[in-house]
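Participant:
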Amino acid sequence: MIKGKPAAEAEAVLGFLARKPAIPLQKLLKSAVANAKHNFNVEKENLFVKNIRVDNGPTLKRFMPRARGSASPIRKRESHITIILNVKN
């Protein structure tokens, strides 16, 4: 949805998206833009989203007590988000 878009436009798209995962993605994009400005002296207008990927992270396994001494598993899933910004030529 934001792959290939300029950083400012991608941030606006994530801001208006009414889905729960949009909030951490928007925070990550803001952080990546701030890092590019600070570390490489690149302006926000020159950046675009080259690639964005969400991979599986570690899964925490817990158990919920149930009736008659049994237990059911709870899987607390985590993910790794990778975003790559590039400079327009």
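If you count by the numbering used here, then the sequence shown holds residues 56 to 144, one letter each, in order. Positions of the beta carbon are idealized from the N, C-alpha and C atoms, including for glycine.
Between the beta-carbon of T114 and the beta-carbon of K131, is there less than 8 Å?
Facilitator: In the sequence shown, the residue the question calls residue 114 occupies position 59. In the sequence shown, the residue the question calls residue 131 occupies position 76. Cβ distance < 8 Å, so T114 and K131 count as in contact.
Participant: Taking A77 and L102 to be in contact with their CB atoms under 8 Å, please state how far apart those CB atoms are, rounded to whole angstroms.
Facilitator: For the purposes of this step, residue 77 is taken as the residue at position 22 of the sequence shown. For the purposes of this step, residue 102 is taken as the residue at position 47 of the sequence shown. Not confirmed; about 19 Å, so no contact.
Participant: So N106 and I57 are supposed to be a Cβ contact under 8 Å. How far apart are they, rounded?
Facilitator: Reading the sequence shown from its first residue, position 51 is the one you call residue 106. Reading the sequence shown from its first residue, position 2 is the one you call residue 57. Actually they are not in contact, since the Cβ atoms of N106 and I57 sit about 10 Å apart, beyond 8 Å.
Participant: Using alpha carbons as the reference points, say which of S127, N141 and H135 lies closest to L80.
Facilitator: Working through the sequence shown from its first residue, we reach residue 80 at position 25. Ranking the options by Cα distance to L80, first place goes to H135.
Participant: Tell me, which residues are paired with M119 by DSSP?
Facilitator: Within the sequence shown, the letter at position 64 stands for residue 119. Paired residue(s): S127.
Participant: If you follow the alpha helix (DSSP H) that K82 is in, where does it begin and where does it stop?
Facilitator: The residue labelled residue 82 in the question sits at position 27 within the sequence shown. Its alpha helix (DSSP H) spans residues A77 to F95.
Participant: What would DSSP say about N149, mapped onto helix, strand or coil?
Facilitator: What is shown of the chain runs 56 to 144, which leaves residue 149 out entirely.
Participant: For R117, which residues of its own chain have a beta-carbon under 7 Å away from its beta-carbon, when the five flanking residues on both sides are left out?
Facilitator: Start at 1 with the first residue of the sequence shown, and residue 117 comes out as number 62. Cβ neighbours of R117 beyond the five flanking positions: I129 and K131.
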